[in-house]
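Report on the following structure.
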């Protein structure tokens, strides 16, 4: 299961990660975010070499502003600390897998 990140752990776990890391910007009250959660849990198991972390947009305003997150859910893909892709809204597992494969 993806761990919840704050500003400090985001730096350590996402920006300092070697390889691909995905930050899931979500809200507890967001229905599409809740639907995405089990998909990300499945992908976390399927891709052990890809780090997946969650950023709650209610509590992490600095990160929201820094990455221009305007809604949730938003998945931001980072490779070696640099943003390489972004998916906004609830999407299928297949679409996320395509983005993982493209950015690995």
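In UniProt numbering, the protein residues as written are 1 to 104. Glycine included, each C-beta is placed from N, C-alpha and C at the ideal position. Please read all numbers here as calculations on a predicted model, not as lab measurements.
DSSP-derived helix/strand/coil call for residue i
i	result
residue 28	coil
residue 82	strand
residue 16	coil
residue 103	helix
residue 63	helix
residue 57	coil
residue 36	helix
residue 2	coil
residue 21	strand
Alpha-carbon spacing of residue i relative to residue j, whole angstroms
i	j	result
residue 6	residue 74	16 Å
residue 47	residue 65	29 Å
residue 36	residue 43	11 Å
residue 28	residue 85	23 Å
residue 78	residue 15	7 Å
residue 51	residue 100	11 Å
residue 62	residue 4	15 Å
Sub-9 Å separation of residue i and residue j beta-carbons
i	j	result
residue 81	residue 2	no
residue 69	residue 10	no
residue 104	residue 20	yes
residue 93	residue 57	no
Residue i beta carbon near the ligand MN (any heavy atom closer than 8 Å)
i	result
residue 67	Ligands displayed in this structure: none; no statement on the ligand MN is therefore possible.
Sequence-distant residues of the same chain with beta carbon closer than 7 Å to residue i, five excluded per side
i	result
residue 60	6, 7
Own chain, CB closer than 6 Å to residue i, minus 5 neighbours either side, in chain order
i	result
residue 23	14, 53, 55, 76
Sequence-distant residues of its chain with Cβ nearer than 8 Å to residue i (five each side left out)
i	result
residue 83	67, 76, 77
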